[in-house]
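Residue numbers for the sequence shown follow my numbering, beginning at 223 and rising by one.
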Amino acid sequence: MKKLFKWLFRIVLTLVILLVLAAVILPFVIDPNDYKQEIEGKIYDKIGRQVHLQGDIGWKVFPWLALTFNDVQVENEKGFKDKNMMDIKQVSARVKIMPLISKKIEIGKVNLQDAKFNLQISKKGNSNWQSILHKLESKADKVAQSKDKPSSSEINIEGVELNDIQVNYTDLQSNTRLNVTNLNLSVGKINKKDPVKVASKMHLAMPDSGLDVDLIADIKANNLLADAGIQVDIDNLSIVGKMNNKTTPVSVNLQKPGSIDLGKDTLSLPEILLAIGDVKITTNLSAKDFSKTNSQLAGTYQISAFDLNEFLEKMTGAYFVTNDTLSDFSSSGSWTMSGS
Numbered sequence: 223m224k225k226l227f228k229w230l231f232r233i234v235l236t237l238v239i240l241l242v243l244a245a246v247i248l249p250f251v252i253d254p255n256d257y258k259q260e261i262e263g264k265i266y267d268k269i270g271r272q273v274h275l276q277g278d279i280g281w282k283v284f285p286w287l288a289l290t291f292n293d294v295q296v297e298n299e300k301g302f303k304d305k306n307m308m309d310i311k312q313v314s315a316r317v318k319i320m321p322l323i324s325k326k327i328e329i330g331k332v333n334l335q336d337a338k339f340n341l342q343i344s345k346k347g348n349s350n351w352q353s354i355l356h357k358l359e360s361k362a363d364k365v366a367q368s369k370d371k372p373s374s375s376e377i378n379i380e381g382v383e384l385n386d387i388q389v390n391y392t393d394l395q396s397n398t399r400l401n402v403t404n405l406n407l408s409v410g411k412i413n414k415k416d417p418v419k420v421a422s423k424m425h426l427a428m429p430d431s432g433l434d435v436d437l438i439a440d441i442k443a444n445n446l447l448a449d450a451g452i453q454v455d456i457d458n459l460s461i462v463g464k465m466n467n468k469t470t471p472v473s474v475n476l477q478k479p480g481s482i483d484l485g486k487d488t489l490s491l492p493e494i495l496l497a498i499g500d501v502k503i504t505t506n507l508s509a510k511d512f513s514k515t516n517s518q519l520a521g522t523y524q525i526s527a528f529d530l531n532e533f534l535e536k537m538t539g540a541y542f543v544t545n546d547t548l549s550d551f552s553s554s555g556s557w558t559m560s561g562s
C-alpha cells in the first residue's frame, strides 16, 4: 500500500506537470490542439505508456498558462484486463509563466474531474502501474544528477481537487477486489516546507466479503516533497456501512489522532471504536513493516458486554448454545497479528 500511495500521488502530479510543460514549449500564437500527437509523444517518453488526448485542449496564456484537457486516456499494461488503466474526463491546471524563467514551477489549483482508474495485480504479483513507477523513478534519478533541472524545493502547488473519482482495484494473487466510488478529495497547498492538508470522502465496497461502507478522513502529510520519508497525521477517520452481505451494520471511528510513517513503515492508532452490530470494541493498533507481507500488528482491546449467542445467530443463522450462558459476554486483553 505504501508504494501504491506514492504511485497515486506521483502519477497524478507527473501527468499534470507533463501536460503543462509540454504545452509551454509551443508558441503562444498557435493552437495546442494542432499538436496533440507531439504532446502525447512527450508524455510517452516520460511514463512509457501511450496516452490519448481525445477531447479539446482549452488554454489561456498570461499571466497564467491555464490548460484544460478533456477525455484523456492512458492505455493499460499489456497482459492486463481492460483497454485503459485510466480514463479522465477532465484535468485542468495553470502555471505561472515568469517563474519558469528562473526554473521555478508555481502551479495553481489542479482539478481532476470524473476519472476512472483500473489498478490490477496479476497472479504472478506484477502490477499494471509498476512500469510507470519504474519509468518515473528512472527519470527522477536523472533529474537529481543534473544541476540544470528544478528540484522539488522549487515546486509550489496551490492545491488539488479530485471530484467523482472511481478506483477499481483487483489483486488476483490474493483474490481481493476493492471498488472505490464517489471519491472526492481536497488537497491544500503543496510545498517542501509545510504539512499538506487532505480531506477525503469515498464509498468503499469489497464484493467478495460483502463490505459496503462510506469513509471520511482528514489527514496532514509531512515531507511530501522533501527527501525525508512521508509522515501522515490522521486527524479524523470515520467508516460507516454494512458487512456480511449488507445485513450487519458496521462502523469504525478514530477516537484519538493516529499517525503513519512511510519512511519507517510504521502505523499507530492510539484508540479506535469498532462497532459490528451490537458488539462494541475499543482497541489500539501499532504496526511495523505494515506495507509488507511480514507485517507485525499488535494492540489491546476491550469488548463491552453483549449477547454473544444472539450475535452469532445473526451472523451464522444458528445459536451457539441453547441457554443464556453467553447472554452477558465481555472481554479484554491483547492481540497480535503477523503476515506470512
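Think of the CB as a built atom: it goes at the ideal place given N, C-alpha and C, for glycine as much as any other residue.
All of these numbers come straight from a predicted model, not from anything done at the bench.
Q. Where does Leu446 land, buried or exposed, given buried means 16+ other C-beta within 10 angstroms?
A. Counted from its first residue, the sequence shown places residue 446 at position 224. By the 16-neighbour rule on beta-carbons within 10 angstroms, Leu446 is buried.
Q. Using CA coordinates, which residue listed in Ser513, Gly521, Thr515 is at the minimum distance from Ile503?
A. To locate residue 503, count along the sequence shown from 1; it is residue 281. Residue Gly521 holds the alpha-carbon nearest to the alpha-carbon of Ile503 among Ser513, Gly521, Thr515.
**Q.** Outcome for Trp351 when other beta-carbon atoms lying within 10 angstroms are tallied against a minimum of 16
**A.** Position 129 of the sequence shown, counting from 1, holds the residue named residue 351. So Trp351 counts as buried.
Q | Cβ shell of Lys564 (< 7 Å), same chain only, five flanking positions each side left out | A | What the structure shows of the chain is the stretch from 223 to 562, and residue 564 is not part of that stretch, so it cannot be assessed.
Q: Could you tell me the boundaries of the beta strand (DSSP E) in which Gly381 lies?
A: Taking the sequence shown and counting its residues from 1, the one referred to as residue 381 is at position 159. Gly381 -> beta strand (DSSP E) spans 377-393.
Q.
Quick check: what's the CA-CA separation for Phe339 versus Val418?
A. Walking along the sequence shown from the start, residue 339 turns up at place 117. Walking along the sequence shown from the start, residue 418 turns up at place 196. A straight line joining the alpha-carbon of Phe339 with that of Val418 spans about 23 Å.
Q | DSSP three-state assignment for Ser556, whether helix, strand or coil | A | Here residue 556 is taken as the residue at index 334 of the sequence shown, counted from 1. If DSSP states are grouped into helix, strand and coil, Ser556 belongs with the strands.
Q | Nearest-angstrom Cα separation, counted from Gly381 out to Ile261 | A | The residue labelled residue 261 in the question sits at position 39 within the sequence shown. The residue labelled residue 381 in the question sits at position 159 within the sequence shown. A straight line joining the alpha-carbon of Ile261 with that of Gly381 spans about 24 Å.
Q: Report yes or no: do the stretch 525-537 and the stretch 480-488 share at least 3 C-beta pairs separated by less than 8 Å?
A: Output reads no: the stretch 480-488 does not touch the stretch 525-537.
Q | Cut-off 6 Å between Cβ atoms - residues of its own chain near Ile269, not counting five sequence neighbours on either side | A | Counting from 1 along the sequence shown, the entry for residue 269 is found at position 47. Only residues of its own chain outside the window of five on either side were considered, and among them Ile354, Lys357 have a CB closer than 6 Å to the CB of Ile269, listed in chain order.
**Q.** Proximity below 9 Å, CB of Gln477 to CB of Ile452
**A.** On the sequence shown, residue 477 is found 255 positions in, with the first residue counted as 1. On the sequence shown, residue 452 is found 230 positions in, with the first residue counted as 1. Contact flag unset, no.
Q: Pull up the CB-CB distance for Met428 and Leu400, whole angstroms please, since I reckon it's below 8 Å.
A: Mapped onto the sequence shown, residue 428 falls at position 206. Mapped onto the sequence shown, residue 400 falls at position 178. Sure, about 6 Å apart at Cβ, within 8 Å.
Q) So, helix, strand or coil for Gly263, using DSSP? A) In the sequence shown, residue 263 corresponds to position 41, counting from 1. In this structure, Gly263 counts as helix in the three-state DSSP scheme.
Q | Ranges of the beta strand (DSSP E) found wholly within the stretch 272-299, counting only runs of at least 3 | A | The qualifying runs are 273-275, 279-282, 286-297.
Q) What is the rounded straight-line gap between the Cα of Ser490 and the Cα of Gly280? A) Taking the sequence shown and counting its residues from 1, the one referred to as residue 490 is at position 268. Taking the sequence shown and counting its residues from 1, the one referred to as residue 280 is at position 58. Going by the C-alpha atoms only, they are around 45 Å apart.
Q: Tell me where the alpha helix (DSSP H) around Leu548 begins and ends.
A: On the sequence shown, residue 548 is found 326 positions in, with the first residue counted as 1. Looking at the DSSP string, Leu548 is not in any alpha helix (DSSP H), and its letter there is neither H nor E.
**Q.** Segment limits, beta strand (DSSP E) that includes Thr403
**A.** The residue given as residue 403 occupies position 181 in the sequence shown. Looking at the DSSP string, the run of the beta strand (DSSP E) that includes Thr403 is 398-409.
Q) Just reading off the alpha helix (DSSP H) that Leu447 is part of, what are its end residues? A) The residue given as residue 447 occupies position 225 in the sequence shown. Segment: none, Leu447 is in no alpha helix (DSSP H) and carries neither H nor E.
Q) Whole alpha helix (DSSP H) runs in the stretch 316-369 with 4 or more residues, listed along the chain? A) Listed in chain order, the complete alpha helix (DSSP H) runs (minimum 4 residues) inside the stretch 316-369 are 320-323, 352-367.
Q: Return helix, strand or coil for Phe533, following the three-state DSSP convention.
A: Counted from its first residue, the sequence shown places residue 533 at position 311. Shown here, Phe533 sits in a helix according to DSSP, grouped into three states.
Q.
In this structure, how does DSSP classify Thr538 when only helix, strand and coil are distinguished?
A. What you label residue 538 is simply residue 316 of the sequence shown in a count that begins at 1. In the structure shown, the three-state DSSP call for Thr538 is helix.
Q: Please state if the CB of Glu297 and the CB of Gln259 are separated by a distance shorter than 9 Å.
A: Start at 1 with the first residue of the sequence shown, and residue 259 comes out as number 37. Start at 1 with the first residue of the sequence shown, and residue 297 comes out as number 75. Not in contact: Gln259 and Glu297 (Cβ atoms no closer than 9 Å).
Q) Whose C-alpha, out of Trp557, Asp511, Gly499, is nearest the C-alpha of Pro523? A) Taking the first residue of the sequence shown as 1, we reach residue 523 at position 301. It should be pointed out that residue 523 corresponds to Tyr in this sequence rather than to Pro. It is Trp557 whose Cα lies nearest to the Cα of Tyr523.
Q) In three-state terms, what does DSSP make of Asp576? A) The requested residue 576 does not occur in the structure, where the chain is confined to residues 223 to 562.
Q: Drop a sphere of 10 angstroms on the beta-carbon of Tyr541, count the other beta-carbons inside from all chains shown, and report buried for 16 or more, exposed for fewer.
A: For the purposes of this step, residue 541 is identified with residue 319 of the sequence shown, where counting begins at 1. Exposed, by the Cβ-count rule.
Q: May I have the straight-line CA-CA distance separating Val294 from Val313, to the nearest angstrom?
A: Taking the sequence shown and counting its residues from 1, the one referred to as residue 294 is at position 72. Taking the sequence shown and counting its residues from 1, the one referred to as residue 313 is at position 91. Approximately 8 Å between the Cα atoms of the pair.
Q.
Given this structure, state the Cα-to-Cα distance separating Leu287 from Ile329, to the nearest angstrom.
A. What you label residue 287 is simply residue 65 of the sequence shown in a count that begins at 1. What you label residue 329 is simply residue 107 of the sequence shown in a count that begins at 1. The alpha-carbon of Leu287 is positioned some 9 Å away from that of Ile329.
Q. Is it buried or exposed for Glu349, if we count other Cβ within 10 angstroms and need 16 for buried?
A. One-based indexing of the sequence shown puts residue 349 at position 127. Before going further, note that residue 349 is Ser rather than Glu in the sequence given. Buried, since its Cβ has 16 or more Cβ neighbours within 10 Å.
Q | Option nearest Asp256 by Cα separation, candidates Tyr266, Leu275, Ile265 | A | For this step, residue 256 is matched to residue 34 along the sequence shown. For Asp256, the closest of Tyr266, Leu275, Ile265 by C-alpha to C-alpha distance is Leu275.
(Q) DSSP three-state label for Lys510, please. (A) Here the question's residue 510 lines up with position 288 in the sequence shown. Under the three-state reduction of DSSP output, Lys510 falls in the strand class.
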